[in-house]
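Single-structure report; data block below.
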Amino acid sequence: MTLGIRFRPRLLDALKHYSRPDLLADFTAGATVGLVALPLAMALAIASGLKPEIGIFTSVVAGILISALGGSRVQVGGPAGAFVPLLAPIVATHGPEGLIVASLIAGLILIVMGMTGLGGLIKYVPYPVVTGFTSGIAIIILSTQINDFFGLNMKLPPDFIGKVEALAGHFRPNALTLAISVASVLLIFAWPKAWGRRVPGSIAAITLGAAAVSLFHLENFGIQTIGTQFGGIPLGFPLPHWPRLPFDEWRNLLNASLTIAILGAIESLLCAVVADGMIDDRHDSNQELMGQGIANIGSALFGGMPATGVIARTATNVRSGARTPVAGIIHSLTLLVILLLAAPLASNIPLASLGAVLVVVALRMGEWHQFARLRHWPKSDVAVFLCSFILTVVTDLPFAVKTSLLLAAALLVKRLSDTTRVIT
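Sequence positions in the sequence shown follow our numbering and run 115 to 538.
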């Protein structure tokens, strides 16, 4: 492993022969992805225990830096659902300032990973580990939306088992909130693909939800909105600041920061591989990790949350005709314009509609079909998959990551040992 000295973002190559048709294609794609990202950014911030505008700040700062400094031509970055089970406990224990510190440390780790050439090793993370994490994280995301989706006025514990125990015998949903949630989910799933290329179903869901609140004053009937819960979204953009957390508390965040970096690396490089397949290209893994690291540091300094490459945004970017990293930058600028000009309009967005957006994300994220295929897998892969899935759901994510990777490594050593024995 050698210290890398090559730092060449894909944007530099893209700008060499950049043309007006490229700009038009990137502008259209970037603006479309910005609309897709808006409800998702707010929903992920809320699910992580933060104010909704934090998700937008992150999408603006990290989105620009990931596209400008990363190693993929069309990848788009921002807050990701995979982080939610990890970020919510950090915020609950250390507050938003603790999350800023964790993002800073994770960013530094990602930069070191890229500089030392570890980007090429991420592809060796076993498939059962990744699919187990993904499905487990989907379950956790669903559990975080119980309050908003059903309109419960309950203080739920952060852990999954605690939530189940708290809900037993005390599950009394608000019928109107549930109706909005279900209608939003159905609308997103039923939204025609042809319309979705210009106006995403999630935007339609939160817009119609906000319109219903405005017309019928649904907040008087117990419907929680961004305005009633958070006081709305303020106009303007924050100035950078250093986290106000004593240095002696930083070491308590090292474990979580390492997990953020590992998850971010896996998520971003898997996303980059998907993007490569869609445009017949090849990304630079180490450059991508360095770009992601700088982006996370930048996001943290502006009070944001961790960010990574996001498959939903990236796939929309490609399908909308993006050609270069400029599209990802335009996606972030689109969100910035919306924030500066239309932030007060978000006050009437019902939390039920935002919860529905994340429910759809979780349902699409989970590798549910793999459960039916487990009987065809080798027993060792089944063990790793179930270990990864169950530990992600019932324990904290850092423990699940370490244990699953150690189990996968131990089984690999055993497999190699058995193979060597057979050969000799």
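Beta carbons: idealized from backbone N, C-alpha and C, even for Gly.
With a cut-off of 8 Å on the beta carbons, I'd call residue i and residue j a contact; round off their distance for me.
i, j, result
"residue 246", "residue 503", "4 Å"
"residue 377", "residue 197", "7 Å"
"residue 204", "residue 192", "18 Å between Cβ atoms; not a contact."
"residue 556", "residue 443", "Here the chain has residues from 115 to 538 only, and residue 556 is not among them."
"residue 182", "residue 125", "5 Å"
"residue 508", "residue 525", "Not a contact, Cβ separation roughly 21 Å."
"residue 167", "residue 347", "5 Å"
"residue 401", "residue 187", "Going by Cβ atoms, the distance from residue 401 to residue 187 rounds to 11 Å, so no, they are not a contact pair."
"residue 501", "residue 521", "5 Å"
"residue 367", "residue 202", "Actually they are not in contact, since the Cβ atoms of residue 367 and residue 202 sit about 14 Å apart, beyond 8 Å."
"residue 596", "residue 350", "Outside the shown range of the chain (115 to 538) lies residue 596, about which nothing can therefore be said."
Note down, in chain order, each residue of its chain lying with its Cβ closer than 7 Å to the Cβ of residue i, except the 5 sequence neighbours on either side.
i, result
"residue 519", "243"
"residue 533", "none"
"residue 257", "274 and 277"
"residue 396", "390"
"residue 344", "165 and 166"
"residue 214", "357, 414 and 417"
"residue 341", "461 and 462"
"residue 327", "333, 337, 339, 462 and 464"
"residue 140", "436, 437, 438, 440, 441 and 444"
"residue 369", "512"
Starting from residue i, follow its DSSP beta bridges and name the residues at the other end.
i, result
"residue 339", "464"
"residue 422", "192"
If you drop the 5 nearest sequence neighbours on each side, which residues of the same chain put their C-beta closer than 6 Å to that of residue i?
i, result
"residue 146", "434"
"residue 249", "480, 481 and 503"
"residue 338", "465"
"residue 314", "149 and 150"
"residue 375", "220, 223 and 224"
"residue 190", "147, 427, 428, 431, 442 and 445"
"residue 484", "245"
"residue 514", "505 and 506"
"residue 336", "288"
"residue 252", "476, 479 and 480"
"residue 398", "185"
Tell me which residues share the same chain as residue i and place their Cβ nearer than 8 Å to its Cβ, disregarding the 5 neighbours each side in the sequence.
i, result
"residue 115", "Note that residue 115 scores 47 on pLDDT, short of 50, meaning its location in the model is unreliable; the coordinates nonetheless yield the value given after this. 230, 231 and 232, listed in sequence order."
"residue 449", "148, 151, 152, 155, 170, 173, 174 and 177"
"residue 301", "315, 318, 319 and 322"
"residue 285", "264 and 266"
"residue 132", "438 and 440"
"residue 311", "146, 433 and 434"
Could you spell out where the alpha helix (DSSP H) holding residue i opens and where it closes?
i, result
"residue 203", "198–229"
"residue 510", "First-last for residue 510: undefined, no H or E at that position."
"residue 136", "134–161"
"residue 454", "440–456"
"residue 241", "241–258"
"residue 300", "289–304"
"residue 349", "Premise fails: residue 349 is in no alpha helix (DSSP H) and is neither H nor E."
"residue 267", "Residue 267 -> no alpha helix (DSSP H), and no H or E assigned at all."
"residue 383", "368–393"
"residue 483", "483–487"
Is any heavy atom of the ligand ADP found at a distance shorter than 8 Å from the C-beta of residue i?
i, result
"residue 226", "What this structure holds is no ligand at all, so the ligand ADP is not there to describe."
Mind the definition here: the segment 361–374 touches the segment 141–160 only if three or more C-beta pairs lie below 8 Å; say whether that holds. no
When you compare the segment 261–268 with the segment 487–499, are there three or more beta-carbon pairs, one atom per stretch, that lie closer than 8 Å? no
Within the chosen definition, does the segment 455–470 reach the segment 207–221 through at least 3 CB pairs nearer than 8 Å? no
Below 8 Å, can you find three or more Cβ-Cβ pairs linking the segment 290–297 to the segment 458–473? yes
Assess contact between the segment 381–395 and the segment 313–322, defined as three or more Cβ pairs (one per stretch) separated by less than 8 Å. Is contact present? no
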